[in-house]
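J.: Below is one structure. I have some questions about it.
Protein chains in written order, with the numbering used here: chain A, 2 to 176; chain B, 2 to 176; chain C, 2 to 176; chain D, 2 to 176.
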């Protein structure tokens, strides 16, 4: 009988925290809520063949996140055996959680992304953003980034513009 | 009053060649064909804010591409003022065109991508792949890559497996 | 030159009141709300060639409807020149408004319908229900009906089951 | 042990023959083809609660239908225990098959429908048309009809206009 070789460790990990990205319409309640993550379905649709671990850390709206929730995201990033991480997160406080994780200076490439329109709603940016973030997680040097609107922002220079919903360098807002 | 600075040149360019990615269902003919590129609609949906030029180089099925078509792609890559390029291409001969462009050793990051299912059909990988490719074009060093299945392959080591439809290193096929 | 004949009056009218059917995701507010009716887009997609008038009577959630709102629906039904009417309405109080209109004994075929999942959300029943209702409005004798779940219920014997979200004869609930 | 009572016979039957309605994109072959019917998924999405039998009679393009295929549709209509039948059929020869079934003068309401754009493609009319046809099958007197474009045409006065793709009375074409 042939010797078993250890299967290689997953090359990347997606840490799911909820946010608009993963909201689902509950037909009985008549509202958008969380049930289970759409990530496995999206990755199957994307025909991704690289080894990927999916970890549901929490499923909440990022406006409801408190410091303990952000610490939980940091702990998941720290514990992950992979060096390429994508964190799917609500956009409203994505920059705040990125700052918590960025300040920890982990030796990994950690890319935050999310969506302005849920995956399950017409016109969603979820699939594009996930593809964008997964590429940045593989190609960027170690560090923490926010990947939205087709751009990757460093964790210490990014904010969401409430009016347009778009992310931009934090410095632009001081102009 | 502050001095006006000239607006920066587009940071990236998408060169459209057709392929499954951009096929559209013609209800009268009852078949998938090309009409106009979906790229502007996809980028609007993705809420991309970075400066992006879209250039329709050709709209054909990549199985119909001859050397002159691949030379036209190379010429477009050479002529583009941007250093970050995405080429949307049919998957069947994507690796061949990538080899033509790769051999030219341009000092740009050029990322080929496409789709196994058209953007206009349920279950498409088009949006994910475009996001993935646009990130690779920004983050990778100069060179030519094929970005499919959540991975970026160098132009001189990639092939499409006809059975599964997935891209893989060319060397794996010799094992 | 040939004599012009007057074009025939529209054969059917769709009276829009809002409800889940027509909700739209507001990416900035992050919630489902009303903007404009999807009816014109749906009818174009359905390739309907019969003459159809679309009238936006109101755009609200049916849980917020008071008697004056239902009277407004009745007034629109009464004023319509067509004998075939479809009323697009929220499901929660659809049966109540149908009773108000039914009691008026207009000599028209009036069919209420709606959706459990918005047109703009994956897995919506909106298109099926609209097609179903528009056929019932053409084929049924004068009277008021609630058309949901692939069935047409008379206005005086229908209720929505809160648990399953499905409509059923009112008498079944007394069993 | 309690006596078993016979479950009531299904109130309607959907006879599937293929056509554009049910085409599916084969990512490996890169073409639209038939795999399995989408009808069960569509009816679940439509939240239909009435008893419905689904019968796959054949899965072909209606341009490939010969007389034996139309006879098979007629045989299925004749054999069905229900009096309300919907036949899902390609649009190109729908009127021809309807004439074969219509001439048989069965004492049932039989409604042909289909789609100009497959259910699996953006902008499809499949769901609307199925809802429309299922209502006509319940509400119309016995006879054979073609239900497309939001209208129900009698089997002996209908044709598809090749230019627009829309169905219309056969007599209009003689004007």
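All residues carry an ideal CB built from backbone N, CA and C; glycine is no exception.
Which same chain residues, not among the five before or five after residue 169(D), have their C-beta less than 7 Å away from its C-beta?
T.: Excluding residues within five positions, the ones whose Cβ falls inside 7 Å are 160, 162.
J.: Applying the 10 Å Cβ sphere with the 16-neighbour rule, what's the burial state of residue 24(A)?
T.: It is buried - the Cβ of residue 24(A) has at least 16 other Cβ atoms within 10 Å.
J.: Using DSSP with H/G/I as helix, E/B as strand and the rest coil, what is residue 8(A)?
T.: Any reading at residue 8(A) must be qualified, since the residue scores a pLDDT of 47, below 50, and its modelled position is unreliable; no value is offered.
J.: Would you mind reading off the limits of the alpha helix (DSSP H) that contains residue 132(C)?
T.: It spans 127-140 - the alpha helix (DSSP H) in which residue 132(C) sits, taken as one unbroken run.
J.: How is residue 23(D) classed by DSSP in three states: helix, strand or coil?
T.: In this structure, residue 23(D) counts as helix in the three-state DSSP scheme.
J.: Name the one or two DSSP bridge partners that residue 45(C) has.
T.: Beta-bridge pairing links residue 45(C) to no other residue.
J.: If contacts are defined as beta-carbon pairs under 8 Å, then residue 98(C) and residue 113(C) qualify, I think. What distance do you get, rounded to the angstrom?
T.: Confirmed, about 7 Å.
J.: Buried or exposed for residue 121(C), going by 16 or more other Cβ atoms inside 10 Å?
T.: It counts as buried.
J.: Go through its chain and collect everything with a Cβ distance to residue 108(A)'s Cβ below 7 Å, but skip five positions before and after it.
T.: Excluding residues within five positions, the ones whose Cβ falls inside 7 Å are 143.
J.: Using a C-beta cutoff of 7 Å, does residue 121(D) count as contacting chain B?
T.: Taking Cβ atoms only, chain B reaches closer than 7 Å to residue 121(D), which makes this a yes.
J.: Compare the C-beta of residue 152(B) against all C-beta atoms of chain A and say whether one is closer than 7 Å.
T.: Yes, residue 152(B) counts as interfacial toward chain A.
J.: Could you give the first and the last residue of the continuous alpha helix (DSSP H) run that contains residue 72(B)?
T.: It spans 68-80 - the alpha helix (DSSP H) in which residue 72(B) sits, taken as one unbroken run.
J.: If the cut-off is 8 Å on Cβ atoms, which residues from the segment 23-53 of chain C count as contacting chain A, listed in chain order?
T.: If the cut-off is 8 Å between Cβ atoms, the segment 23-53 of chain C has 26, 28, 29, 31, 32, 33 near chain A.
J.: Which residues mark the beginning and the end of the beta strand (DSSP E) in which residue 152(A) is found?
T.: That run of the beta strand (DSSP E) goes 152-155.
J.: DSSP state of residue 102(C), grouped into three classes?
T.: The answer is helix: DSSP assigns residue 102(C) an H, G or I state.
J.: Within its chain, find whatever has a CB closer than 6 Å to the CB of residue 5(B); leave out the 5 residues flanking it on each side and keep chain order.
T.: Because residue 5(B) carries a pLDDT of 42, less than 50, the predicted location of this residue cannot be relied on, and no value is offered for it.
J.: Near residue 90(B), what residues of its chain come up, given a Cβ to Cβ distance below 7 Å and the 5 sequence neighbours on each side ignored?
T.: Hits under 7 Å: 18, 20, 63, 98, 113, 115.
J.: Counting beta carbon pairs with one atom in the segment 64-78 of chain C and one in the segment 22-36 of chain C, are three or more of them shorter than 8 Å?
T.: No, they do not touch.
J.: Between the Cα of residue 92(A) and those of 76(A), 117(A), 154(A), spot the shortest distance and give me the residue it belongs to.
T.: Considering only alpha carbons, the answer is 117(A).
J.: Chain B partners of residue 117(D), CB-CB under 7 Å?
T.: Neighbours of residue 117(D) on chain B, chain order: 28.
J.: Report, in whole angstroms, the separation of the C-beta atoms of residue 12(B) and residue 52(B), which I expect to be a contact under 8 Å.
T.: The pair is a contact, with the Cβ atoms about 5 Å apart (cut-off 8 Å).
J.: Report the neighbours of residue 124(A) on chain B: residues whose CB is nearer than 8 Å to its CB, in chain order.
T.: Under the 8 Å cutoff, chain B gives 46.
J.: May I have the straight-line CA-CA distance separating residue 7(B) from residue 134(C), to the nearest angstrom?
T.: In this predicted model, residue 7(B) has a pLDDT of only 46, less than 50, meaning its place in the structure is not dependable enough to derive any value.
J.: Just the Cα atoms here: how many angstroms apart are residue 80(B) and residue 54(B)?
T.: About 13 Å.
J.: Alpha carbon to alpha carbon, how far is residue 151(A) from residue 138(A)?
T.: Residue 151(A) and residue 138(A): Cα-Cα distance of roughly 14 Å.
J.: Let me check understanding here. Comparing Cα to Cα, which of 56(A), 50(A), 149(A), 132(A) lies closest to residue 83(A)?
T.: The shortest C-alpha separation from residue 83(A) is found at 56(A).
J.: Use the C-beta contact count for residue 126(A): other C-beta atoms within 10 angstroms, 16 or more gives buried, fewer gives exposed.
T.: Buried, by the Cβ-count rule.
J.: With DSSP collapsed to three states, give me the class of residue 97(D).
T.: If DSSP states are grouped into helix, strand and coil, residue 97(D) belongs with the helices.
J.: From the DSSP output, which residues share a beta bridge with residue 169(D)?
T.: 160(D).
J.: Classify residue 72(D) as buried or exposed, calling it buried when 16 or more other Cβ atoms lie within 10 Å of its own Cβ.
T.: Exposed, because fewer than 16 other Cβ atoms sit within 10 Å of the Cβ of residue 72(D).
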